[in-house]
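Colleague: The opening position of the sequence shown corresponds to residue 52 in my numbering, with each subsequent residue numbered one higher. Where a beta carbon is used, it is the ideal one built from N, C-alpha and C, also for glycine.
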Amino acid sequence: MTEPVPFAEIWRGPFLESVHAGHAVICDDSGAIVQSWGDPDKVILPRSSAKMIQGLPLLTSGAADKLGLGTEQLALACASHQGAAIHTDRVANWLDTLGMSDDDFRCGPQVPDDRAAREDLIRAHETPCQIHNNCSGKHAGFLTLGAHLGAGPDYVAPDHPVQRACLEAFERVTGETSPGYGIDGCSAPNFACTLKGMARAMAHFAAAPDGSPEARLHQAMRLHPELVAGERRACTELMRAMEGRVALKTGAEGFFVAILPHRKLGIALKAADGTTRAAECAIAALLVKLGELDAAHPATLKRMNAPIHNRRGIETGMIKPAAALT
52 MTEPVPFAEI
62 WRGPFLESVH
72 AGHAVICDDS
82 GAIVQSWGDP
92 DKVILPRSSA
102 KMIQGLPLLT
112 SGAADKLGLG
122 TEQLALACAS
132 HQGAAIHTDR
142 VANWLDTLGM
152 SDDDFRCGPQ
162 VPDDRAARED
172 LIRAHETPCQ
182 IHNNCSGKHA
192 GFLTLGAHLG
202 AGPDYVAPDH
212 PVQRACLEAF
222 ERVTGETSPG
232 YGIDGCSAPN
242 FACTLKGMAR
252 AMAHFAAAPD
262 GSPEARLHQA
272 MRLHPELVAG
282 ERRACTELMR
292 AMEGRVALKT
302 GAEGFFVAIL
312 PHRKLGIALK
322 AADGTTRAAE
332 CAIAALLVKL
342 GELDAAHPAT
352 LKRMNAPIHN
362 RRGIETGMIK
372 PAAALT
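If you want it as structure tokens, here you go:
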């Protein structure tokens, strides 16, 4: 089947009101497909789900160890954080260690998703900086690698040594030659591959031996789930619900990946309509299906079989995974 399959259903009372569809792949450590839904050969842009791959050159080059980066910095290099103080304070310290400032970033400013941080800026009559960008940890990693390589300041240019290193890592772990790239929201190139290539890459991370760059990155994510996203976010809450056994990473336009080290499995999925609620419901359903996530955990129930309330607090319906995923 090459058409997207139903992922998530939206019910209003007794009526099926909407259906989100998508594609998903689970791969094992040999790169083989264990199970798939929809089209595993669909060419996709993994968006921020690729941050672990973009973080690989930071380690393989020796740049991270030369600067003495710890697990918190490695988690932030893989993060789509919400600009809370726990994120921006750590990125600011990282920049200080590099002898750089916010002006050295190329990700652009972003109003923080964290309410306290956003209100602090308003009270101080200040505007957001680039450090508030959800990708500032990844960009701190780019700056670290660029400095280590002695490369120029425009590290997001596709032909810059930093991005060439990212492309080499991407093609190595996906096992594919990328057909091209799109420019991501943070201005860095986002390389394309097939969905099964992305699942294969996540399985590669899952099977990597302790001490390898891949293992160090997913271990940092599992150790610091609050740095990977933030409070009330799916990545953080679901990783906590699984007590650090699984690394999760979302991406824009309905993308999600999972790394299951203890089972040497990788998951990649894409909601065809690009909706976050569909991708979150689907990844939760697949993790429940695999026995990794408790269906009754509060973090799970926020994403699948979750009630929908109107503005008066009346329960009007629910979002639940489609039968294909359960």
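(1) Which whole runs of the alpha helix (DSSP H) in the stretch 239 to 273 are 4 residues long or more, in chain order?
(2) Figure out for me which residue from 284, 299, 245, 337 has the closest Cα to the Cα of residue 271.
(3) Is residue 301 helix, strand or coil when you go by DSSP?
(4) Counting C-beta neighbours from all protein chains within 10 Å, is the total for residue 360 16 or more, i.e. buried, or is it exposed?
(5) Measuring straight from C-alpha to C-alpha, what distance separates residue 63 and residue 181?
(6) Rounded to whole angstroms, what's the CA-CA distance from residue 163 to residue 177? Just pull it up for me.
(7) If contact is defined by three or more beta carbon pairs under 8 angstroms, each pair taking one atom from either stretch, is the stretch 94 to 106 in contact with the stretch 245 to 256?
(8) With 16 as the cutoff for other CB atoms within 10 Å, does residue 184 come out buried or exposed?
(9) Note down the Cα distance separating residue 88 from residue 212, rounded to an integer number of angstroms.
(10) Residue 316 bridges to which residues according to DSSP?
(11) Pick out whichever of 308, 344, 339 has its Cα sitting closest to the Cα of residue 327.
(12) Measure the beta-carbon distance from residue 196 to residue 263 and round it to whole angstroms, keeping in mind my assumption that it falls under 8 angstroms.
(13) Among the residues of its own chain, which have a CB less than 6 angstroms from the CB of residue 289, if the five just before and after it don't count?
(14) Hey, residue 297 and residue 278: beta-carbon distance below 8 angstroms or not?
(15) According to the neighbour-count rule (16 or more other Cβ atoms, all chains shown, within 10 Å of its Cβ), is residue 241 buried or exposed?
(16) Any idea what DSSP makes of residue 344, helix, strand or coil?
(17) In terms of residues, what are the limits of the beta strand (DSSP E) holding residue 86?
(18) Suppose you measure from the CA of residue 210 to the CA of residue 237; what does that come to, to the nearest Å?
(19) For the beta strand (DSSP E) that residue 371 lies in, which residues bound it at each end?
(20) Is residue 68 helix, strand or coil by DSSP?
(21) Here's the rule: buried if 16 or more other CB atoms are within 10 angstroms of the residue's CB, otherwise exposed. What is residue 390?
(22) Please state the DSSP three-state secondary structure of residue 126.
(23) Considering only the beta carbon of each residue, do residue 188 and residue 130 sit closer than 8 angstroms?
(24) Measure the CB-CB distance between residue 355 and residue 371 and report whether it falls below 8 angstroms.
(25) Could you tell me which of 68, 76, 66 sits nearest to residue 56, measuring between CA atoms?
(26) Can you tell me the Cα-Cα spacing of residue 253 and residue 363, whole angstroms?
(27) Apart from the five residues just before and just after residue 53, which ones in its own chain have a Cβ nearer than 8 angstroms to its Cβ?
(28) What residues match up with residue 339 in a beta bridge as DSSP calls it?
(29) Output the residue ranges of the alpha helix (DSSP H) runs that lie fully inside the stretch 116 to 173 and measure 4 residues or longer, sorted by chain position.
(30) Classify residue 55 as helix, strand or coil using the three-state DSSP reduction.
Modeller: Based on what the coordinates show:
(1) 246 to 258
(2) 299
(3) strand
(4) exposed
(5) 41 angstroms
(6) 12 angstroms
(7) yes
(8) buried
(9) 37 angstroms
(10) Residue 316 is bridged to 79, 311.
(11) 308
(12) Between residue 263 and residue 196 the Cβ distance is about 18 angstroms, and since that is not below 8 angstroms, they are no contact.
(13) Within the same chain, residue 289 has close Cβ partners 299, 350.
(14) No, Cβ-Cβ distance for residue 297 and residue 278 is not below 8 angstroms.
(15) With 16 or more other Cβ atoms within 10 Å, it is buried.
(16) When secondary structure is reduced to three states using DSSP, residue 344 falls in the coil class, being assigned neither helix nor strand.
(17) 84 to 88
(18) 17 angstroms
(19) 366 to 372
(20) Residue 68: strand per DSSP, three-state reduction.
(21) With the chain covering only 52 through 377, there is no way to say anything about residue 390.
(22) Looking at residue 126 - three-state DSSP - the assignment turns out to be helix.
(23) yes
(24) yes
(25) 76
(26) 42 angstroms
(27) 89, 90, 92, 93
(28) DSSP output for residue 339 lists no bridge partner at all.
(29) You should have 122 to 128, 136 to 149.
(30) coil
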